[in-house]
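In the working numbering, the protein residues as written are 198 to 348.
Contents: one structure, followed by commentary.
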Amino acid sequence: MTTFDPLLNTEELHTELLKTVDHKLLDTEELPTELLKTVDHKYKLDVLHLKFEEFASTVTARLENQLTSRLDAIHNTLAVFQNLDTIHTHLMERTTPKSQCVFCPLEDNIDLHHSARCPRFLKSYSRTFEASRIGLCDIAVFSSLRVERKR
């Protein structure tokens with residue numbers, strides 16, 4: 198199974214945001230103090246706004262990359278599961294239990310008898326069936342039936 202890294206490292210992103218804001222504010226100390234007093238609040242907001250836009254675009258790009266890779270992995274896994282489903286269906290069809298007796302369904306064939314020993318039919322009929330399965334000629338089969346009937 199594929200494992201994925203967390204989508205966002207929030208601590209790292211927050212630290213980078215604060216470093217950038219502090220760096221931008223430190224650069225403003227070179228300005229005269231009168232200008233700093235008037236522009237300081239607006240400048241802070243502008244820097245925060247720009248940094249937030251950069252932060253949001255970075256987060257969006259990371260999320261998009263992660264989601265795309267995960268969706269591709271899901272698509273590939275779905276194809277594998279569909280293939281496994283068809284294999285499972287075929288395997289279940291091939292391995293269903295079958296009765297050894299041609300005349301009895303599986304539920305009735307509790308003692309697992311084969312066709313030649315089926316209790317539902319006379320011995321002569323099951324022997325005829327066995328003879329035809331072996332490939333004996335009809336004359337031999339019918340002559341053995343006549344002998345059995347005379348007894």
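By construction, the Cβ of each residue, glycine as well, lies at the ideal position given by its N, Cα and C atoms.
Check: As assigned by DSSP and simplified to three states, the class of L157; Outcome: Coverage of the chain is limited to positions 198 through 348, which leaves residue 157 absent and any answer about it impossible.
Check: Residue nearest to H310 in terms of C-alpha spacing, selected from R317, P302 and Q297; Outcome: Q297
Check: Assigned secondary structure, D282 (DSSP; H/G/I helix, E/B strand, else coil); Outcome: helix
Check: Straight-line gap, V277 to I284 (C-alpha atoms, nearest Å); Outcome: 11 Å
Check: Helix, strand or coil at Q297 [DSSP, three-state]; Outcome: coil
Check: Per-residue DSSP class, three states only, for T257; Outcome: helix
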